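To convert, count from 1 in the sequence shown and add 5; that's the working numbering. Okay, so here's the structure we're looking at.
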Amino acid sequence: MKWFYNLKLGAKLMTGFIMVAVIAAAIGYFGIKNMHAIDEADTMLYEKITIPINDLAEISTAFQRVRINLRDLVEAESAQERDKALETVKALRAITAEKSATFEKTILTDEGRKLFAQFQKTREAYG
6 MKWFYNLKLG
16 AKLMTGFIMV
26 AVIAAAIGYF
36 GIKNMHAIDE
46 ADTMLYEKIT
56 IPINDLAEIS
66 TAFQRVRINL
76 RDLVEAESAQ
86 ERDKALETVK
96 ALRAITAEKS
106 ATFEKTILTD
116 EGRKLFAQFQ
126 KTREAYG
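See the structure below:
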């Protein structure tokens, strides 16, 4: 360590600044590397989890509207009202099928796939 004490003041300062610069560069490298990992995770979260929530909401809305139109179908007093309610139910079921197919592509886990298969089976039994 005596060699360090024998250095001139300028050399000591330069050594200190270089060490600080190396430490700052290492911190910057790890920071940027972790920012890229966070960006990738954020993109996956948005594309595979956040966007499909909209599909689930549309499936839920279509299901509730099917229930309402089935009620209207049962309570209809004329053939025209029954036909209108039936056409609406068919259109809503098509929306449910379309959004279900879109949602199925974004399922990430095996448990999610099992639950979705159960949903599909129940949906088929419902009509």
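Just so it is clear, CB atoms sit at the ideal spot from N, CA and C, and this is done for glycine as well. Bear in mind that the values here come from a model prediction, so they are computed numbers and not experimental data.
- In this model, residue 112 and residue 72 are separated by some 26 Å (Cα to Cα).
- Within the stretch 74-105, no alpha helix (DSSP H) run of at least 4 residues lies entirely inside it.
- The C-beta distance from residue 110 to residue 64 rounds to 14 Å, too long to meet the 8 Å contact threshold.
- In the assembly as shown, residue 101 is a buried residue. Its beta-carbon has 16 or more other beta-carbons within 10 Å.
- Between the alpha carbons of residue 119 and residue 126 lies a gap of roughly 11 Å.
- Rounded to the nearest angstrom, the Cβ distance from residue 87 to residue 81 is 4 Å, consistent with a contact under 8 Å.
- For residue 113, the three-state secondary structure derived from DSSP is coil.
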